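Here is the structure we will look at.
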Amino acid sequence: MRDLLALVAKPNVLNLAGGLPADENLPRAQLQECFDAVLTRDGARTLQYGPPYAPLKELIAQHMHTRGVECTADDIFITNGNQQGLQMCARMFLDGGESVAVEEFTFTGVLQAIQGHGAKALAIPVNLEQGIDVDELEYALEKNRPRLIITIPDFHNPLGVSMRARQREQLAELAARYAIPVIEDSPYSPLRFCGDAIPALKAYDENDAVIYLGSFSKMISPALRLGWLVAPRELMPRFTVLRESLDLESSQLVQRVVAEFLTRGYLEPHLEQLCAANHARRDLMLNALERELGGLAQWTIPDGGLFVWVTLPEGMDTEKLLHDALAQNVAFVPGFAFAADGRGGRNSTRGANSMRGANSMRGANSMRGANSMRLNFSNAPREKIADGIARLANVIREASAIHA
């Protein structure tokens, strides 16, 4: 992924590979006000070491209430982004040699966190209408007894799909019945631009089996590198010790600035503007895909988040296609990079009986890793999306003709 990001940083390359907002959608003026206010009011304290900022924890607890999660500031642990939360949970629960149940295609950071602690990914199929296949998960829990479940229930990275409310309830019940902790990796949930909000998986957790991970990096600005987790209070001392072995604490300045941003009421209008911009870009991408690849490729239709997952005919290899695409100055992430089984294409993702509506895949009921790709719509300039998809489609059509 780092090598790919270096390639797409070249001038004139249309980057459909990243997972970040467009520069113009960052709240620069509001953040400037907040930095100035905090530095003026709090002075040198903002530039020193310090404990987690209590007012920020209170504000996060209020935010969690909007997601259906009853918690207080005592249930909140501040992190330096979601990835640190994943790493801390992996260190807490994994000793090496265990398996961890994950969606069969998942964020590379999830795989890095569990594999870095000697665990194996147990790939669970995804139903494109409902999210993770809960029946398959239950079978895996019974047969394999994984140590941990990690899921991305909202606007999944890389698939763009979301778990339905009923599946969240069932998953929480399974976690309690089998006494297996669940990590709810949820940085994208505030980025909804279609449909009704669904309560967090943690909202269905009646047995303290779910640990929720949230992030301000996607909500406000990636450079903030600030997140949180919601966990049982008895785990807080253990998280504190783990955190001290990593980097001790989060920036006092950043914590106070984010708290100021929330207190001033900037978050809601910012998210409104951000989600509207993402919605427009998503529609431009979907229209271009229909125009250029209708009948040849399939793709998901997300209700929010940052990504569209595109699947090409079987036998095509998106890793090889990437080199040709880069020659045409357009970049994507090949699907194999997200394959939990490490092979990218062994299993098809099940479900998707209906191709209509949100979070569906157009045209077929299976996905493959080796012949799939992730496209990001949030960062590309609006005026370049159609041309970028056209260039990518030319590469795909040429490869398809050769393959045929």
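Residue numbers for the sequence shown follow my numbering, so the first one is 136 and each next one is one higher.
All C-beta atoms in this analysis are idealised placements derived from N, C-alpha and C, irrespective of residue type, glycine included.
All figures in this text were calculated on a predicted structure; none of them were measured in a lab.
Does the beta-carbon of L381 have 16 or more other beta-carbons within 10 angstroms, so that it is buried, or is it exposed?
Residue numbering aside, residue 381 sits at position 246 when the sequence shown is read from its first letter. Around the Cβ of L381, a 10 Å sphere holds fewer than 16 other Cβ atoms; the residue is exposed.
How is N262 classed by DSSP in three states: helix, strand or coil?
Within the sequence shown, residue 262 is the residue found at index 127, counting from 1. Looking at N262 - three-state DSSP - the assignment turns out to be strand.
Judging by CA-CA distance, which residue of P156, G153 and Q165 is the nearest neighbour of E399?
Here residue 399 corresponds to residue number 264 of the sequence shown, with the count starting at 1. Residue 399 is actually Arg in this sequence, not Glu. Per the Cα distances, Q165.
Return the CA-CA distance between N215 and A536, expressed in angstroms with no decimal places.
Residue 215 sits at position 80 when you count from the first residue of the sequence shown. Residue 536 sits at position 401 when you count from the first residue of the sequence shown. If you take the alpha carbons of N215 and A536, they lie about 47 Å apart.
Going by beta-carbon coordinates alone, are A423 and I531 separated by less than 8 Å?
Position 288 of the sequence shown, counted from the first residue, corresponds to residue 423. Position 396 of the sequence shown, counted from the first residue, corresponds to residue 531. Cβ atoms of A423 and I531: not closer than 8 Å.
Would you kindly work out how many angstroms separate the C-alpha atoms of A157 and N529, rounded to a whole number?
Locating residue 157 in the sequence shown gives position 22, counting from the first residue. Locating residue 529 in the sequence shown gives position 394, counting from the first residue. Distance between the alpha carbons of A157 and N529 is about 26 Å.
Could you please give the first and the last residue of the uninterrupted alpha helix (DSSP H) stretch that includes E193?
Reading the sequence shown from its first residue, position 58 is the one you call residue 193. E193 -> alpha helix (DSSP H) spans A189 to T201.
Count the C-beta pairs between the segment 445-455 and the segment 286-300 that are closer than 8 Å, then say yes if the count reaches three, no if not.
With a cut-off of 8 Å on Cβ pairs, the segment 445-455 is not in contact with the segment 286-300, counting fewer than three such pairs.
Through-space distance from N413 to E168, alpha-carbon basis
Here residue 168 is taken as the residue at index 33 of the sequence shown, counted from 1. Here residue 413 is taken as the residue at index 278 of the sequence shown, counted from 1. Spanning the two alpha carbons is a distance of roughly 25 Å.
As assigned by DSSP and simplified to three states, the class of V204:
What you label residue 204 is simply residue 69 of the sequence shown in a count that begins at 1. Coil at V204, not helix or strand.
Using a Cβ-Cβ cutoff of less than 7 Å, which residues in the same chain neighbour C224 once the five nearest sequence positions on both sides are dropped?
Against the sequence shown, residue 224 aligns to sequence position 89. These residues qualify, in order along the chain: I318 and I346.
Residues that DSSP places opposite P469 in a beta bridge
As a first step, residue 469 is located in the sequence shown; it is residue number 334 there, counting from the start. Looking at the DSSP output, P469 shares a beta bridge with M508.
Are there 16 or more other CB atoms within 10 angstroms of the CB of M514, so buried, or fewer, so exposed?
Reading the sequence shown from its first residue, position 379 is the one you call residue 514. First, the amino acid is wrong: residue 514 is Asn here, not Met. Buried is the call here.
With DSSP as the reference, label R517 as helix, strand or coil.
Here residue 517 is taken as the residue at index 382 of the sequence shown, counted from 1. It is helical.
Thinking just about the alpha-carbon of each residue, which of E454, I285, L149 and K519 is nearest to the one in M508?
One-based indexing of the sequence shown puts residue 508 at position 373. Of the listed residues, the one whose Cα sits closest to M508 is E454.
Spatial distance of L326 from M420 (CA atoms)
Mapped onto the sequence shown, residue 326 falls at position 191. Mapped onto the sequence shown, residue 420 falls at position 285. The straight-line gap from Cα to Cα measures roughly 17 Å.
Go ahead and pull the three-state DSSP assignment for K353.
Position 218 of the sequence shown, counted from the first residue, corresponds to residue 353. Helix.
Chain-order list of residues whose beta-carbon lies under 8 Å from that of F374 (same chain, five-residue window excluded)
In the sequence shown, the residue the question calls residue 374 occupies position 239. So the qualifying residues of the chain are F212, M223, M227, L364 and A366.
Have a look at F471, A472, G251 and G440 and flag the residue whose alpha-carbon is nearest the alpha-carbon of I287.
Within the sequence shown, numbered from 1, the residue matching residue 287 stands at position 152. Here the closest residue by C-alpha is G440.
Measuring alpha carbon to alpha carbon, tell me which of A394, A332, E379 and A338 ends up nearest L359.
Within the sequence shown, numbered from 1, the residue matching residue 359 stands at position 224. Minimum Cα distance to L359 is reached at A394.
Under the three-state DSSP convention, the category T243 falls into:
Mapped onto the sequence shown, residue 243 falls at position 108. Correct three-state label for T243: helix.
Outcome for D230 when other beta-carbon atoms lying within 10 angstroms are tallied against a minimum of 16:
Within the sequence shown, numbered from 1, the residue matching residue 230 stands at position 95. D230 comes out exposed.
Using 10 angstroms around the beta-carbon of D289, count the other beta-carbons present and answer buried if the total reaches 16, otherwise exposed.
Walking along the sequence shown from the start, residue 289 turns up at place 154. Under this definition D289 is a buried residue.
Leaving out five residues before and five after T207 in sequence, what residues of the same chain have Cβ atoms less than 7 Å from its Cβ?
Along the sequence shown, read from residue 1 onward, the residue named residue 207 stands at position 72. So the list reads A196, once near-sequence residues are dropped.
List the endpoints of the continuous beta strand (DSSP E) containing E319.
Walking along the sequence shown from the start, residue 319 turns up at place 184. The continuous beta strand (DSSP E) containing E319 extends over residues V317 to D320.
For Q250, which residues from the same chain have a beta carbon less than 8 Å from its beta carbon, with the 5 sequence-adjacent residues on both sides left out?
Here residue 250 refers to the residue found at position 115 when the sequence shown is read from its first residue. Cβ neighbours of Q250 within its own chain (closer than 8 Å, five residues either side excluded): A256.
Any alpha helix (DSSP H) of 4 or more consecutive residues that is wholly inside the segment 429-464:
Complete alpha helix (DSSP H) runs here, min 4: 453-462.
When you compare each of S324, A332 and L336 to M354 by their alpha carbons, which one comes out closest?
For the purposes of this step, residue 354 is taken as residue 219 along the sequence shown, with counting starting at 1. Out of S324, A332 and L336, S324 has the C-alpha closest to the C-alpha of M354.
Reduced DSSP secondary structure (H/G/I, E/B, other) of F328:
Locating residue 328 in the sequence shown gives position 193, where the first residue counts as 1. Reduced to three states, the DSSP call for F328 is coil.
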